[in-house]
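K.L.:
Pasting a structure below so you can have a look.
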Amino acid sequence: MTCSPVRLVEVGPDDDLFAGWCAVWSAAQVADRPDEAPRPAADHVALARQLVEPGGSRGGTHRAALAGADVVGALRLLLPLLDNPTVAFVDVAVQPAHRRRGVGSALLAEAGRIAAAHGRDELIAELDEPGPGTAGRAFAEHHGWSCDLLETRRDLVLPVDEGRLAALEAEARAAGHGYEVVSWRDRTPDALLADRALLEQRMSTDAPHGDLPVGEERWDADRVREHEAAVLARGRTVLSAGAVRDGRLVAFTDLHVPLDRPERAQQGATLVLREHRGHRLGARVKAAVLRELAAQLPQVRRITTYNAESNTPMVAVNQALGFEPAGQMSVWSRRLS
Ligand SMILES: CC(C)(COP(=O)(O)OP(=O)(O)OC[C@H]1O[C@@H](n2cnc3c(N)ncnc32)[C@H](O)[C@@H]1OP(=O)(O)O)[C@@H](O)C(=O)NCCC(=O)NCCS
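Here the sequence shown stands for residues 1399 to 1735, where the numbers follow my numbering.
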């Protein structure tokens, strides 16, 4: 049935309606994964503030779908400003009790209008799929989107088995003579900042992107600092480990831990520069950051990571550490017009 008796209004982080906007996300996440705490409202608020700050690498806007005075649907549109000028990233969620009434479709149509007004002609959206038959997949297919990338979610229950970790470390050390492992928290050391920017840029081309219509991102030292500040503002702390050769950072990995519920950490980016692959540096930095995690944040009970199955080296490292499959994330796109 499509009647959509909703009214769409623009909302920002300081509007009264924003709490309702966040509550829609919470309810949608709990419906999909009842055993997991949803993303806290403060995280959405911090992201929303970043999007309206001038000079950032991303812009964006939010819409709430109102049924009477209640927010029943939520849209966030993200617009990359330094690169990828033709795409817009879309997040849509609808209160479970208000689904199958056209609210999601109304928000998606609005996303298309806003994106087109900003000169974008491709929409991209991510779907969490804990199991088969998610509403999001049916919705995306209904709207003619194509699934361009599938990533398996894997979770690692902590503490890591000491035998596995020690074996991985020993192998990785033996294969990586001449590389030094360094670690830091929240702020990349100044001396490694330019290298970190290059690694981030390579991440945008070297990690598998399937058929997604995205191109290389443009990163410099300022963008790394912007990214670090944004993550902290969202209430997370980030533990990082890197591999250094001749004073240059050639590999890194990040773990994000939400400070208000540190039981569940998220794996961030991991990259080894192409010219330094084959020395087990991916395994080495991941093992190093796990040691840091155990020492600094022993409250973390679980780490979640997402990998394309085609990313065999990364999947192999994760499996060696004991990560187990926990659903998938799919990434979809649709051309406007
Ligand atoms: C996906 C979601 C946004 C859909 O919202 P909605 O308001 O129910 O969507 P609509 O009513 O506009 O659905 C349009 C069509 O999509 C398809 N569809 C949507 N949900 C479906 C479901 N659970 N099962 C089968 N088909 C579904 C149907 O074809 C539907 O048309 P119909 O009801 O006339 O058969 C909502 O289920 C949700 O919030 N899910 C969690 C977050 C998410 O996955 N977001 C998608 C990211 S883009």
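Virtual Cβ for every residue (Gly too), placed ideally from N, Cα, C.
#1: Take Glu-1479 as the anchor and find which of Val-1490, Ser-1708, Trp-1617, Pro-1494 has the nearest alpha-carbon.
#2: Please report the Cβ distance between Ser-1728 and Leu-1525, rounded to the nearest whole angstrom; I am assuming they are in contact, meaning their Cβ atoms lie under 8 angstroms.
#3: Consult DSSP for Gly-1529 and reduce its assignment to one of helix, strand or coil.
#4: When the Cα of Ala-1619 is compared with those of Gly-1608, His-1496, Glu-1598, which residue comes out closest?
#5: What does the alpha-carbon distance come out to for the pair Ala-1589 and Leu-1566?
#6: Within a Cβ cutoff of 8 angstroms, which residues of the same chain sit near Val-1622, ignoring the five residues on either side of it in sequence?
#7: So, at 8 angstroms on beta carbons, what are the nonlocal neighbours of Thr-1400 in its own chain, with the 5 sequence-adjacent residues on each side left out?
#8: Closest to Gln-1726 by C-alpha separation, out of His-1625, Leu-1547, Val-1715, Ala-1628, would be which residue?
#9: In angstroms with no decimal places, state the Cα-to-Cα distance between Gly-1466 and Leu-1473.
#10: Would you say the beta carbon of Thr-1532 is closer than 8 angstroms to some non-hydrogen atom of ligand 1?
#11: Beta-carbon within less than 6 angstroms of Ala-1706's beta-carbon, same chain only, minus the 5 sequence neighbours each way: which residues are those?
#12: So, at 6 angstroms on beta carbons, what are the nonlocal neighbours of Phe-1721 in its own chain, with the 5 sequence-adjacent residues on each side left out?
#13: Could you give the residue range of the alpha helix (DSSP H) that holds Trp-1419?
#14: Please report the straight-line C-alpha distance between Ser-1544 and Ala-1714, rounded to a whole angstrom.
#15: Any chance you could list the alpha helix (DSSP H) runs of at least 4 consecutive residues sitting entirely within the region 1538-1618, in chain order?
#16: Can you name the residues that DSSP bridges to Met-1727?
#17: To the nearest whole angstrom, what separates the beta carbons of Pro-1660 and Val-1698, a pair I think is in contact under 8 angstroms?
#18: Taking 7 angstroms as the limit between beta carbons, can you name the residues of its chain near Pro-1452, skipping five residues before and five after?
#19: Could you tell me whether the Cβ atoms of Leu-1765 and Arg-1456 are closer together than 9 angstroms?
#20: Tell me which residues share the same chain as Pro-1411 and place their Cβ nearer than 6 angstroms to its Cβ, disregarding the 5 neighbours each side in the sequence.
#21: Tell me which same chain residues have a C-beta within less than 7 angstroms of the C-beta of Thr-1703, skipping the five on either side of it?
#22: Please work out which residues of its chain come closer than 6 angstroms, Cβ to Cβ, to Val-1409, disregarding the five sequence neighbours upstream and downstream, and give them in chain order.
#23: Please confirm whether any heavy atom of ligand 1 lies closer than 8 angstroms to the CB of Glu-1524.
P.N.:
From the atom records:
#1: As a working note, residue 1479 is residue 81 in the sequence shown. It is worth fixing the name first, because residue 1479 is Leu in this sequence and not Glu. Measuring from the Cα of Leu-1479, the nearest candidate turns out to be Trp-1617.
#2: Looking up residue 1728 in the sequence shown gives position 330. Looking up residue 1525 in the sequence shown gives position 127. Yes, Ser-1728 and Leu-1525 are in contact; Cβ-Cβ is about 5 angstroms, under 8 angstroms.
#3: Locating residue 1529 in the sequence shown gives position 131, where the first residue counts as 1. Three-state result, Gly-1529: coil.
#4: Sequence index remark: in the sequence shown, residue 1619 carries index 221 (1-based). Among Gly-1608, His-1496, Glu-1598, the Cα nearest to that of Ala-1619 is on Glu-1598.
#5: For the purposes of this step, residue 1589 is taken as residue 191 along the sequence shown, with counting starting at 1. For the purposes of this step, residue 1566 is taken as residue 168 along the sequence shown, with counting starting at 1. Their Cα atoms are separated by approximately 28 angstroms.
#6: The residue you call residue 1622 lines up with position 224 of the sequence shown. Once the five neighbours on either side are set aside, the close Cβ partners of Val-1622 are Thr-1586, Leu-1591, Arg-1594, Ala-1595, Glu-1598.
#7: Your numbering for residue 1400 matches position 2 in the sequence shown. Residue placement at Thr-1400 is flagged as unreliable, the pLDDT there being 48, under the threshold of 50; a coordinate-derived value is accordingly withheld.
#8: For this step, residue 1726 is matched to residue 328 along the sequence shown. Of the listed residues, the one whose Cα sits closest to Gln-1726 is Leu-1547.
#9: Working through the sequence shown from its first residue, we reach residue 1466 at position 68. Working through the sequence shown from its first residue, we reach residue 1473 at position 75. In a straight line, the C-alpha of Gly-1466 is about 18 angstroms away from that of Leu-1473.
#10: Locating residue 1532 in the sequence shown gives position 134, counting from the first residue. Yes, the Cβ of Thr-1532 comes within 8 angstroms of a heavy atom of ligand 1.
#11: On the sequence shown, residue 1706 is found 308 positions in, with the first residue counted as 1. Correct list, in chain order: Glu-1549, Pro-1606.
#12: By one-based count along the sequence shown, residue 1721 stands at place 323. Excluding residues within five positions, the ones whose Cβ falls inside 6 angstroms are Arg-1552, Leu-1554.
#13: Locating residue 1419 in the sequence shown gives position 21, counting from the first residue. Per DSSP, Trp-1419 belongs to the alpha helix (DSSP H) from 1416-1430.
#14: Residue mapping note: residue 1544 aligns to position 146 of the sequence shown, counting from 1. Residue mapping note: residue 1714 aligns to position 316 of the sequence shown, counting from 1. The straight-line gap from Cα to Cα measures roughly 28 angstroms.
#15: 1560-1573, 1591-1604
#16: Working through the sequence shown from its first residue, we reach residue 1727 at position 329. DSSP output for Met-1727 lists Asp-1526, Glu-1549 as bridge partner(s).
#17: As a position in the sequence shown, residue 1660 is number 262, starting the count at 1. As a position in the sequence shown, residue 1698 is number 300, starting the count at 1. 6 angstroms between Cβ atoms; contact.
#18: Along the sequence shown, one-based indexing puts residue 1452 at 54. Answer for Pro-1452: no residue qualifies.
#19: Because the chain in this structure spans residues 1399 to 1735, residue 1765 falls outside the shown range and cannot be described.
#20: Numbered from its first residue, the sequence shown carries residue 1411 at position 13. Closer than 6 angstroms at the Cβ level, and outside the excluded window around Pro-1411, lie Val-1443, Ala-1446, Arg-1447.
#21: As a working mapping, residue 1703 is identified with position 305 in the sequence shown. Arg-1552, Gln-1665, Asn-1716, Phe-1721, listed in sequence order.
#22: What you label residue 1409 is simply residue 11 of the sequence shown in a count that begins at 1. Same-chain partners within the cutoff: Leu-1415, Phe-1416, Trp-1419, His-1460, Ala-1462.
#23: Taking the sequence shown and counting its residues from 1, the one referred to as residue 1524 is at position 126. Yes, the Cβ of Glu-1524 comes within 8 angstroms of a heavy atom of ligand 1.
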